[in-house]
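What follows is one structure encoded as structure tokens, with my remarks underneath.
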Amino acid sequence: MSRRTLKLGAILLGVGGPGQHNTWLNPEIAPDSSVDVRWYIARAKEAEAAKFDLVFIVDSQFITPDSPNHYLSRLEPLTLLSAIAVHTDHIGLVGTLTTSYNEPFNLARRLYSLDHISGGRAGWNVVTSGDAGTAGNYSRDEHFDYPTRYGRALESVRVAQGLWDSYEADAFPRDKTTGVFFDRSKQHALNHKGEHFSVVGPLNLERSPQGQPVIFQAGDSEEGRDLGASIGDAIFTHAATLEQAQAFRTELRQRAAQKGRNPEEVLIMPGLFPILADTDEEARAKEAEILGAKSFDKALAELGRPFGWHDFSQHDLDAPFPDVAAEGERSFRTQADAITKLAREQNLTLRQVVEHQLAAHRSPFVGSPLTVANEIERWFNGGGFDGISISVNAPSEFARFTEQVLPILRERGVVRSEYESTTLRGNLGLPIPENRHTAARTELPSQDAPSQDAPSQDAPSDDAPSAVPALVP
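With this note's numbering applied, the sequence shown covers 16 to 488.
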């Protein structure tokens, strides 16, 4: 077995995401970088040169005037990633797409198109749309409740995985000598009827080099963790301490094992924001400068997002934190509940909650390149994560990480020196899911092979890591 190595992701955030109020003022960052495809291509090439496993494009489909700068005007993920694909050769291309406001057939087709365009480098960050206001952009009066959102998500992913099995790998001989273009016996309709979706299939796109796009997921609620354990190949998260990171990784892998999955095939990749300088003292001063430059007024406005964009400016800043927990019930409920619980337990005013939120973005990875490399290695070897996701804005800051921190980790064998595959699955060390129809052919006598229109009854169960036949839990 090859040695376990740290996986690397780059989150491309243009003019700045949540809490990055003044990032766009950096002279290195073009004011329109969030909509400039050349900016993304340049950053992806830099990440590929540093042997990163993937670039990641975040997304949401509802904004207010108080949304983070990057959210106000940005490119649609799969359109953008398709452009990046033709300018890169190895790096994975992961985009966020919601299961709440997309049909699984369309999701499966668009993602598989990216997988083919890139030669097997596509990844899908599965989200359920936390912004309740998204409903208004899709002809709905009210956002889905939590059980419906996560029920749709699980079924949507299972349907997409079933559609990605529409063709076996050798379904298209394209033999000009014999005149055989297509083997009809190796095309399979899905004929799915579930609680949320009814999809006939088959998908009109052949099997890709990595079999299926890699599934990413991020969600800290009970429903989110269960979804991640059910379908996630890699999990995005956040952790303030190594102990928190260890606990999250252990729990997610235990949940995956309970569902019949191999826990070693569930990668945990939290977001990191390293702050680097020549010395630890300079880095801490740099961190203080970054935190001090944040805007209280913008943070107050952003506080409304997990509460369905509740307007906190209408409340007395020095009064106890208002009782608005119900506003987050169909939004980012887990985050809203955590903020409310903190305020109640510590008897905080609204002003103190905002100040806490401003300080809460402190990074555990602050210091000289050696200090940051040591801390990353400590978390990695300590079971805190399997990979890291670095936010990318200013090119020089990203270069400081790739040119000063990564060489230390490579010398120690924590990070590999070269790509090991041309596919995202290959570089992440994840197996190619076996096409269930091909698997059924090898398991059954030839005279009992399943018809092209019906899933095999002997196909793997729903809880198996590469299983698809049963599409609802």
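Cβ atoms here follow ideal geometry from the backbone N, Cα and C, with glycine treated the same way. Quantities reported herein were computed from a predicted structural model and do not represent experimental measurements.
Buried or exposed: where does residue i fall if 16 or more other Cβ atoms within 10 Å of its Cβ makes it buried?
i, result
"Gly402", "buried"
"Arg173", "buried"
"Ala469", "Because Ala469 carries a pLDDT of 35, less than 50, the predicted location of this residue cannot be relied on, and no value is offered for it."
"Glu390", "buried"
"Asp248", "buried"
"Lys191", "exposed"
"Asp185", "exposed"
"Lys356", "exposed"
"Leu133", "Looking at the sequence provided, one finds Ser at residue 133 rather than Leu. Its Cβ being crowded by 16 or more others within 10 Å, Ser133 is buried."
"Glu317", "buried"
"Val101", "exposed"
"Ser310", "exposed"
"Asn37", "exposed"
"Gln361", "exposed"
"Asn396", "exposed"
"Gln329", "exposed"
"Gly232", "Sequence check: residue 232 is Gln here, not Gly. Gln232 comes out buried."
"Asn408", "buried"
"Pro83", "buried"
Determine the DSSP secondary structure at residue i, reduced to helix, strand or coil.
i, result
"Val50", "helix"
"His207", "strand"
"Val487", "Annotation note: pLDDT 30 at Val487 (below 50); position unreliable, coordinate value reported separately. Looking at Val487 - three-state DSSP - the assignment turns out to be coil, as it is neither helix nor strand."
"Trp394", "helix"
"Ala254", "coil"
"Thr364", "strand"
"Gln462", "Below a pLDDT of 50, predicted positions are generally treated as unreliable, and Gln462, at 44, falls in that range; the measurement from the model is reported next regardless. Three-state result, Gln462: helix."
"Pro188", "coil"
"Asp478", "At Asp478, the pLDDT of 31 sits below 50, so the modelled position is not reliable; the number obtained from the coordinates is stated separately. Coil at Asp478, not helix or strand."
"Pro119", "helix"
"Val281", "coil"
"Leu287", "strand"
"Pro422", "helix"
"Ala147", "helix"
"Val429", "coil"
"Ser378", "coil"
"Ser223", "strand"
"Val195", "strand"
"Ser213", "strand"
"Ala292", "coil"
"Ser133", "coil"
"Asp7", "In the structure as shown, the chain begins at 16 and stops at 488. Residue 7 is therefore absent and cannot be evaluated."
"Ser328", "helix"
"Ala244", "helix"
"Leu357", "helix"
"Ile44", "coil"
"Gln35", "coil"
Please report the residue range of the beta strand (DSSP E) in which residue i lies.
i, result
"Asn140", "137-142"
"Thr111", "107-113"
"Ser406", "402-407"
Counting only the same chain and skipping the five closest in sequence on each side, list residues whose C-beta sits under 6 Å from that of residue i.
i, result
"Arg89", "Ser49"
"Val368", "Phe336, Ala358"
"Phe347", "Gly145, Pro321"
"Phe120", "Val214"
"Ser432", "Arg425"
To which residues of the same chain is residue i closer than 7 Å at the C-beta, ignoring the five residues directly before and after it?
i, result
"Gly382", "Asp295, Ala298"
"His85", "Leu28, Gly29, Val30, Gly31, Gly32, Ser49"
"Gln227", "Gln176, Trp179, Pro448"
"Ala334", "Thr364, Leu365"
"Tyr116", "Gln76, Ser144, Thr149, Tyr153"
"Asp51", "Ala45"
"Glu435", "Gly441, Asn442"
Can residue i be considered in contact with the ligand HEM, in the sense that its beta carbon sits closer than 7 Å to one or more heavy atoms?
i, result
"Asp326", "The ligand HEM is absent from the structure shown, which contains no ligand whatsoever."
First and last residue of the alpha helix (DSSP H) that includes residue i?
i, result
"Leu27", "Not the alpha helix (DSSP H): Leu27 falls in the beta strand (DSSP E), residues 22-27."
"Val174", "161-179"
"Leu96", "92-100"
"Gly441", "439-443"
"Glu302", "295-307"
"Glu317", "311-317"
"Arg415", "410-415"
"Leu87", "84-87"
Can you tell me which residues form a DSSP beta bridge with residue i?
i, result
"Phe231", "Asn140, Ala249"
"Phe71", "Ile26, Val109"
"Tyr153", "Its beta-bridge partners do not exist; DSSP assigns none."
"Tyr182", "Gln202"
"Pro335", "Thr364"
With a threshold of 8 Å on Cβ separation, who are the neighbours of residue i within its own chain once the five nearest residues in sequence on each side are excluded?
i, result
"Phe187", "Phe196, Phe197, Asp198, Glu221"
"Ala292", "Ala298, Ala300, Lys301, Gly382, Ser383"
"Pro410", "Glu43, Ala57, Arg58, Glu61"
"Ser213", "His207"
"Phe380", "Leu287, Phe288, Pro289, Ile290, Val387, Glu390, Ile391"
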